[in-house]
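Numbering (the working numbering), first residue to last: 1180 to 1483.
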Amino acid sequence: MEDLQEVLEGIVEHVAPLCRDGAVASYIPSLGEISPEKFGICVAMADGEVYGAGDWQEPFSIQSISKVFSLALVMSYDYDSIWQRVSREPSGTPFNSMIQLEADQGIPRNPFINAGALVVTDRLLSLTGDAAGSIRGLLRLESGNPAVDIDAVVAASEADHGHRNASMAHLLASYGNLENPVDEVLAAYFNQCAIEMCCEDLARASLFLARHGVAAGGTPFLSPNQSKRINAVMLTCGTYDAAGEFAYHVGLPGKSGVGGGIVAIVPGRCAITVWGPSLGPNGNSVAGIAALDEFTTRTGWSIF
Ligand code: GLN
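If you want it as structure tokens, here you go:
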């Protein structure tokens, strides 16, 4: 294999022509202002070594990638009781679809579509009193960067245009699948999605999933079994109705966000983050998926 730094620099060059394919998310207006030309990639090794290329130290909105950390926190407190309120099947529908929620009597298909993430955030709110704050705390601790924070402008922009998420939360409440008031759950959810991080911090913060649940300080945050389960749900549900394509091309558990970021995990080895703001039709970064495809092809680091 080539030197890892060279691999990453080669990937930045390889994906540059793809950066304008697709479109930057505009349904959250303040995300629509980001340049599609940005691209960053970072690999954090399980032993702490970090490699990066492109715009890997520029913060971006992590959006739905936050759903991995809310799930991890809830599982760390509650072990697996959350699975009584949310399933773990791929939905085959867009991340913000409501179509299955009524058919499934208010039990979302998985924790990574918006409906499922709202249930997880609701639980985290009950457990901690401050769901977004506890996610931010985890991210600060695991990344080692105490400056990781919520972008209030992005959170407000999403709240102003959050009719679909609000509908989903009310539908969940009508089935008795929220423990807290709808407005509080929505506020917590918009805030967690609006956390800003760069590829480097996000890769470091995701390493517990590559270390079988062991946190940055060397102590267990999750059990190896829980870490395995989160990786499994990332593989099957982390990129929504493109999870099959993602598994086919990348061959790793991954979680995307509409800010254009994707986290992928090579269990036992490393966490990889990519950021390219322009999204394909399923809400996943076009350049990011191409980069991860290229990464696993060049390194052979896939779970398959
Ligand atoms: N905050 C976004 C939303 O709720 C998150 C979606 C995403 O990143 N896929 O629509």
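The C-beta atom is built at its ideal place from N, Cα and C for all residues, glycine as well.
Judged by pairs of C-beta atoms under 8 angstroms, the segment 1257 to 1268 does not touch the segment 1324 to 1340, as fewer than three such pairs exist.
Per DSSP, Leu1350 has no beta bridge partner at all.
Taking every residue with its beta carbon within less than 6 angstroms of a heavy atom belonging to ligand 1 gives, in chain order, Gln1242, Ser1243, Phe1274, Asn1275, Asn1293, Glu1337, Asn1344, Cys1372, Gly1436, Val1437 and Gly1462. In this structure, Ile1482 keeps its C-beta atom at 8 angstroms or more from the C-beta atom of Ala1382. Selection Cys1449, Pro1446, Leu1471 and Arg1448 evaluated against Gly1455 yields Leu1471 as nearest (Cα-Cα). Taken atom to atom, the span from the alpha-carbon of Ser1205 to that of Met1413 is near 25 angstroms. In the DSSP secondary-structure assignment, Glu1375 is bridged to Ser1240 and Asp1328. Under the DSSP assignment, Val1299 falls outside any beta strand (DSSP E), being part of the alpha helix (DSSP H) whose first and last residues are Asn1293 to Thr1307. Residue nearest to Leu1252 within the set Thr1272, Pro1403, Ser1313 and Gln1236 is Ser1313 (criterion: CA-CA distance). Here Tyr1230 carries a strand assignment [DSSP, helix/strand/coil].
Cβ neighbours of Glu1473 within its own chain (closer than 7 angstroms, five residues either side excluded): Ile1190 and His1193. It is roughly 31 angstroms from the alpha-carbon of Phe1291 to the alpha-carbon of Gln1184. With the rule of 3 Cβ pairs closer than 8 angstroms, the segment 1237 to 1247 counts as touching the segment 1430 to 1440.
The C-beta of Ser1457 has 16 or more other C-beta atoms within 10 Å across all chains shown, which makes the residue buried. Ala1389 is the residue among Val1265, Gly1396 and Ala1389 whose C-alpha sits nearest the C-alpha of Asn1404.
Less than 8 angstroms divides the Cβ of Lys1246 from the Cβ of Ala1296. For Ile1213, the closest alpha carbon among the candidates Glu1237, Leu1304 and Thr1418 is that of Glu1237.
Between Phe1425 and Gly1436, the beta carbon gap of about 14 angstroms keeps them out of contact (Cβ cut-off 8 angstroms). Taking a cut-off of 8 angstroms on C-beta distances, the segment 1261 to 1268 does not touch the segment 1393 to 1400, as fewer than three cross pairs fall below it.
Under the DSSP assignment, Met1254 falls in the alpha helix (DSSP H) whose first and last residues are Ser1245 to Asp1257. Annotation for Ser1435: the continuous beta strand (DSSP E) segment containing it runs Gly1433 to Ser1435. Rounded to whole angstroms, the separation of the alpha carbons of Glu1375 and Gly1233 is 18 angstroms. The straight-line gap separating the alpha-carbon atoms of Glu1379 and Val1222 is approximately 8 angstroms. In the displayed model, Met1277 falls within coil according to three-state DSSP, outside both helix and strand. Taking C-beta separations shorter than 8 angstroms and ignoring five residues to either side along the sequence, the partners of Asn1289 in its chain run Val1265, Ser1266, Arg1267, Glu1268, Pro1269, Ser1270, Gly1295, Val1412, Thr1415 and Cys1416, following chain order. By the C-beta density criterion, Glu1281 is exposed, having fewer than 16 other C-beta atoms within 10 angstroms. With a cutoff of 8 angstroms on beta-carbon distance, Ala1310 and Gln1371 are scored as near each other. As DSSP reads the structure, Ile1444 sits in a beta bridge with Ala1450.
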